[in-house]
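Notes follow once the structure below has been shown.
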Amino acid sequence: MDFKNRDIISINDFSKEELLHILKVVRQTEQKPKANLLKGKILAALFFEPSTRTRLSFISAMEQLSGTVIGFSTANVTSIQKGESLWDTIKMTGQYADVIVIRHPLEGSARLAAEAASIPVINGGDGSNQHPTQTMLDLYTIQKTKGKLEDLHIGFVGDLKYGRTVHSLVIALSHFSPTFYFIAPDELQIPESYLDELFQKKVKYHKTSDLARFSKELDVLYVTRIQKERFPDPLEYEKFKGIYRIDESFLQNVKKDLKIMHPLPRVDEIDKSVDSTPHAAYFEQAANGIPVRKALLALVLGKVK
Amino acid sequence: MHRKFNKFSREKKSSRKKEKIKAKKITIAPREETKRELKISAIDEGTVIDHIPTDATFKVVEILDLENHKGIVSIATNLQSKRLGKKGIVKVGGKSLTQDEVNKIAIVAPDATVNIIKNYGVREKIKVKTPDVIENVVKCSNPVCITNHEQIATKFYVVKKDPLKIKCHYCERSMGKEDIKII
Numbered sequence: 001m002d003f004k005n006r007d008i009i010s011i012n013d014f015s016k017e018e019l020l021h022i023l024k025v026v027r028q029t030e031q032k033p034k035a036n037l038l039k040g041k042i043l044a045a046l047f048f049e050p051s052t053r054t055r056l057s058f059i060s061a062m063e064q065l066s067g068t069v070i071g072f073s074t075a076n077v078t079s080i081q082k083g084e085s086l087w088d089t090i091k092m093t094g095q096y097a098d099v100i101v102i103r104h105p106l107e108g109s110a111r112l113a114a115e116a117a118s119i120p121v122i123n124g125g126d127g128s129n130q131h132p133t134q135t136m137l138d139l140y141t142i143q144k145t146k147g148k149l150e151d152l153h154i155g156f157v158g159d160l161k162y163g164r165t166v167h168s169l170v171i172a173l174s175h176f177s178p179t180f181y182f183i184a185p186d187e188l189q190i191p192e193s194y195l196d197e198l199f200q201k202k203v204k205y206h207k208t209s210d211l212a213r214f215s216k217e218l219d220v221l222y223v224t225r226i227q228k229e230r231f232p233d234p235l236e237y238e239k240f241k242g243i244y245r246i247d248e249s250f251l252q253n254v255k256k257d258l259k260i261m262h263p264l265p266r267v268d269e270i271d272k273s274v275d276s277t278p279h280a281a282y283f284e285q286a287a288n289g290i291p292v293r294k295a296l297l298a299l300v301l302g303k304v305k
Numbered sequence: 306m307h308r309k310f311n312k313f314s315r316e317k318k319s320s321r322k323k324e325k326i327k328a329k330k331i332t333i334a335p336r337e338e339t340k341r342e343l344k345i346s347a348i349d350e351g352t353v354i355d356h357i358p359t360d361a362t363f364k365v366v367e368i369l370d371l372e373n374h375k376g377i378v379s380i381a382t383n384l385q386s387k388r389l390g391k392k393g394i395v396k397v398g399g400k401s402l403t404q405d406e407v408n409k410i411a412i413v414a415p416d417a418t419v420n421i422i423k424n425y426g427v428r429e430k431i432k433v434k435t436p437d438v439i440e441n442v443v444k445c446s447n448p449v450c451i452t453n454h455e456q457i458a459t460k461f462y463v464v465k466k467d468p469l470k471i472k473c474h475y476c477e478r479s480m481g482k483e484d485i486k487i488i
């Protein structure tokens, strides 16, 4: 399987076999790191909006493989301020680097960037649409902590309406015969379009607003933050803030090997007391961002197959 | 020759007779039938778009930019239709549709028939076909889609033909028929 020059834009662009191949390369990258793999290669990190984990982990991944990084972390310093189009910015950047990672607030911007650039483009998040490297590290974390991806019972709790990590992970996991549990108030439930897709793919799912209802069934619980910035009305946010809380009392009624994941940052969805339990997988999940991004950079630059 | 002449004269006679009957018919036509004539008057040359869902009739007018068309334009809507219940018809004198225009019509009126008219007769009947990919025809309904901020052609994949559901190539949002706006 050759990923050289391939763009990583949307999880929808990847087949089950391709996802499994990427995870295999991630494992190899983690087990046998090659320090000089990307020597002489340049990553353009174009962050048109703020990012902590994604930006830092891409920079770290590139530098750990001896590559160099150019770029910016806010659009204010770019010619976009002077009215330059995204197309022109990317076209120009394509001449200065070997690979681009882009984060942009507008949805579809990464797809446009991939069309403008002659070098591979990796989507680091395009608005509420896609964040495929996050999905791949989520998959990798599940595979690593559970030892498999097939036939798992996976719960999603929190903001399932707007959370792009949930949407992408649901699509990616649907290749692996899962049973899903969508736990959210009606107002923040998973959009119908995703349920239609699951129905077509014959994936089993349950919908509830009660966190305790299926707690004993779960192998993985993926917790998301209720995102304040998504609510036009602050009163609406107050209504849902803190509605679900994972704490020690919740852990009394779960499987012994339940793994709790969270894309971070968390607010108060997961109590700090959970951090020291064997259920907590969220810091490991964040750490997995490095091997996943190393593997993806090496793959699209044609340094590994 | 003689026989032929006779036949000719007979035919002529009978056609004159028919004309007479026809003329008579028009004069005694009931009021309702005259109204029908007015509603869907024939065109000499041009295009007739039939079997348009009633609610899409004016979208077809918009797609073809008929407001600025210099020839005859007849628009009828809420007509009885066995197939659609109610339908619209648009007749455009002196205009042949381009493939691009036919594709655009297919998006709002997937069951429409496009009839090319020459000398008051149907020269060709084209059944519109919803394309698999719609390029630079529809505007993305997602206000934060890059296509609404950058000067680029839009592109949609047809996910479902009936009822129409399309997915933006860029922002990946799905749109139903009700959200479709023509560029």
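Chains as they are written, first to last, in this note's numbering: chain P, 1 to 305; chain E, 306 to 488.
The beta carbon of each residue, even a glycine, is placed where N, CA and C say it ideally should be.
*Residue from E:ALA347, E:GLN385 and E:LYS400 whose Cα sits closest to the Cα of LYS375 of chain E*: E:LYS400
*Once you ignore the five residues that flank GLU150 of chain P on each side, which residues in its own chain have a CB closer than 7 Å to its CB?*
If the five residues before and after GLU150 of chain P are omitted, its C-beta is found closer than 7 Å to the C-beta atoms of PHE176 and SER177, all from its own chain and listed in chain order.
*6 Å CB neighbourhood of ILE171 of chain P in its chain, flanking five on each side removed*: ILE11
*When DSSP labels each residue in this structure, what does LEU43 of chain P get in the three-state scheme?*
strand
*Run through DSSP, which three-state label would ARG103 of chain P get?*
strand
_Rounded C-alpha distance that separates VAL407 of chain E from LEU369 of chain E_ = As the crow flies, the alpha-carbon of VAL407 of chain E is around 9 Å from that of LEU369 of chain E.
_Do GLU477 of chain E and ASN288 of chain P have their beta-carbon atoms positioned less than 7 Å apart in this structure?_
no
*Determine contact between the region 286-300 of chain P and the region 23-36 of chain P, defined as no fewer than three beta-carbon pairs at a distance below 8 Å.*
yes
*List the DSSP bridge partners of PHE180 of chain P.*
P:ILE154 and P:TYR205
*asked:* If the criterion is Cβ atoms closer than 7 Å, does the pair PRO105 of chain P and GLU49 of chain P meet it?
replied: yes
*How many angstroms separate the CA atom of THR382 of chain E from the CA atom of GLY158 of chain P?*
48 Å
*asked:* I need the straight-line Cα distance from PHE156 of chain P to HIS474 of chain E, nearest angstrom please.
replied: Rounded to whole angstroms, the gap between the alpha carbons of PHE156 of chain P and HIS474 of chain E is 27 Å.
*Quick one: what's got a C-beta closer than 7 Å to LYS340 of chain E's C-beta in the same chain, skipping five residues either side?*
For LYS340 of chain E, the predicted structure reports a pLDDT of 48, less than 50, and the residue's modelled location is therefore unreliable. A value from the coordinates is still provided. Once the five neighbours on either side are set aside, LYS340 of chain E has no close Cβ partner at all.
*Ordered list of beta strand (DSSP E) runs contained in the region 427-479 of chain E, each at least 3 residues*: 438-440, 460-465 and 470-473
_As a quick exercise: from P:LEU139, P:ILE42 and P:GLY125, pick the residue whose alpha carbon is nearest that of ARG103 of chain P._
Measuring from the Cα of ARG103 of chain P, the nearest candidate turns out to be P:GLY125.
*Cβ of ALA307 of chain P within 7 Å of Cβ of THR145 of chain P?*
Lying before the first or after the last residue shown, residue 307 of chain P is absent from chain P, which here runs from 1 to 305.
*Compute the Euclidean distance between the alpha carbons of ASN36 of chain P and VAL304 of chain P, then round it to the nearest angstrom.*
13 Å
*So with Cβ pairs under 7 Å, would you call GLU429 of chain E a contact of chain P?*
Under the Cβ criterion of 7 Å, GLU429 of chain E is not counted among the residues facing chain P.
_Contacting residues, own chain, Cβ-Cβ under 7 Å from PHE231 of chain P (five flanking each side not counted)_ = TYR237
*So which residues of chain E does GLN130 of chain P contact, with C-beta pairs closer than 8 Å?*
Near GLN130 of chain P (Cβ distances below 8 Å), the residues of chain E are GLU477.
*Is the beta carbon of VAL413 of chain E less than 7 Å from the beta carbon of ALA361 of chain E?*
Less than 7 Å separates the beta-carbon of VAL413 of chain E from that of ALA361 of chain E.
_Distance between ASP233 of chain P and PRO291 of chain P (C-alpha atoms, nearest Å)_ = 39 Å
*Out of P:GLY302, P:GLU284, P:ARG293 and P:LYS294, point me to the one whose CA is closest to ILE142 of chain P's CA.*
P:GLU284
*Closest by C-alpha distance to ASP355 of chain E, when choosing among E:LYS364, E:LYS396, E:LYS423 and E:LYS387*: E:LYS396
*asked:* Do PHE180 of chain P and TYR140 of chain P have their beta-carbon atoms positioned less than 7 Å apart in this structure?
replied: no
_If the criterion is Cβ atoms closer than 7 Å, does the pair GLU107 of chain P and VAL449 of chain E meet it?_
yes
*Would you report the Cα separation of SER51 of chain P and MET136 of chain P, rounded to the nearest angstrom?*
18 Å
*Closer than 8 Å, Cβ to any Cβ of chain P: which residues of the region 453-481 of chain E, in chain order?*
HIS454, GLU455, GLN456, ILE457, CYS473, HIS474, TYR475, CYS476, GLU477, ARG478 and SER479
*Output, in chain order, the set of chain E residues within a Cβ distance shorter than 9 Å of ASN12 of chain P.*
Neighbourhood of ASN12 of chain P in chain E, by CB distance below 9 Å: GLU477, in chain order.
*Take PRO468 of chain E and list the residues in its own chain whose beta-carbon comes closer than 8 Å to its own, dropping the five residues that flank it on each side.*
GLY481 and LYS482
*Below 6 Å CB to CB, which residues in the same chain sit around ASP138 of chain P once its five sequence neighbours on both sides are set aside?*
LEU169
_CA-to-CA distance, THR435 of chain E to ALA411 of chain E, given in whole angstroms_ = 5 Å
*Please list, in chain order, all residues of the same chain as GLU197 of chain P whose beta carbon is under 8 Å from its beta carbon, the five residues on each side excluded.*
ILE171 and SER174
*Under a CB-based cut-off of 7 Å, is ILE439 of chain E close to chain P?*
Cβ-Cβ to chain P under 7 Å: no for ILE439 of chain E.
*Cβ of GLU269 of chain P within 7 Å of Cβ of VAL220 of chain P?*
no
_Pairwise C-alpha distance: ILE380 of chain E and LYS327 of chain E_ = Residue placement at LYS327 of chain E is poorly supported in this model, since its pLDDT is 44, which falls under 50; the coordinates are not used for a value here.
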